[in-house]
Amino acid sequence: MKKKKLLFIFNPRAGKGQIRSRLFRIIDTFVKAGYEVTVHPTQRPQDGYEKTRELASDVDVIVCGGGDGTLDEVVNGLMAAKSQIPLGYIPAGSTNDFASSVNISRNILQAAKDVVSGEPCSLDIGLFNHMNFVYIAAFGLFTDVSYETDQNLKNILGHLAYLLEGTKRIFNVPSHILKVYANDVVMEAEYIYGMITNARSVGGFKNLVGPDVELDDGLFEVTLIRKPKNPIELNEIVTSLMSAEDKTEMIDNFKTNCIRIESEERIAWTLDGEFGGEHNQVEIENKRHALNLIVNQNK
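In terms of the numbering used here, the sequence shown opens at residue 772 and continues consecutively.
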């Protein structure tokens, strides 16, 4: 019987470089499951995207090892190759929001075992103008932290690195006057933060996007935070976010399958924790069931 081919793309610097120390055991797990394995450690930004796009048609399964940014590259490579082959994910980043949302083990060796014993399930992803994202597109307060924070600092401090970088600017919060088109409604307001998500965990915090999140329903969860005019409104925002209860008019929450956001000035966006460019108009669409992710349903 001809062996199935598996391409393992991993970021050797993700997290604390923990995949490197377990590389043999990960590959051994794949080989014992009957796969012919090709291993590619990423060499530079977008290397994961390029290698996936190049080889997707030649393999039966791709497994991505690294953080959310590495995952984003590989998924974009699959979309560029117009491939729907199954994707396995071994999370090894600082935050791993996506893994938390789909209940993938944070234990690297267990995640590898789950790849070979799991089954593909269809999940939604997002189309941001002409780019794909896996679980979040965001702008405003703190959204540049993940791609501006030094990788070594991320590795040492994990979540704390994001918080330390973010608190430097807490008292100098920029805001943006936006027109938001969604669900046949137009909203215009001044916002300090916005996120369009398909995730149960953001920034390591669960339930930040609210309850009843389904990752395959063709809908995004949208959270837009208005600019507070005083400490009372700021406190309302923080309390509402931490409790995951909608108790303030300072946050606009809704679900939609597509959204358009316009601003007079160009705004920096982040896609899955990586810089997504500066735009004064974005159109975001839900691509339902576009990703075939391998998960262990029996966990």
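Here a beta-carbon is modelled for each residue, glycine too, at the ideal position from N, C-alpha and C.
Within its own chain, the residues whose Cβ lies closer than 6 Å to the Cβ of Lys775, once the five positions on either side in sequence are excluded, are Tyr806 and Asp831, listed in chain order. A straight line joining the alpha-carbon of Ser946 with that of Leu990 spans about 26 Å.
Within the same chain, and ignoring the five residues on either side of Asn1051 in sequence, the residues whose Cβ sits closer than 6 Å to its Cβ are Ser1034 and Arg1037.
Sequence-distant Cβ neighbours of Ile798 in its own chain, meaning closer than 8 Å and more than five residues away, are Phe779, Val808 and Val810. For Glu1049, the enclosing beta strand (DSSP E) has its first and last residue at Glu1045 to Val1066. From the listed residues Gln817, Arg971, Gln789 and Leu777, the smallest Cα separation to Ile907 is found for Arg971. Approximately 5 Å separates the beta-carbon atoms of Asp987 and Leu894; this is inside 8 Å, confirming the contact. Secondary structure at Asn874: coil, using DSSP grouped into helix, strand and coil.
Around the Cβ of Ser1011, a 10 Å sphere holds 16 or more other Cβ atoms; the residue is buried. Here Tyr906 carries a coil assignment [DSSP, helix/strand/coil]. DSSP assignment within the region 949-1009 yields the following whole beta strand (DSSP E) runs of 3 residues or more, N-terminal first: 956-968 and 991-997. Sequence-distant partners of Glu959 (beyond 5 residues in either direction) whose C-beta falls short of 8 Å from its own C-beta, in its chain, are Ile948, Leu949, Lys950 and Val951.
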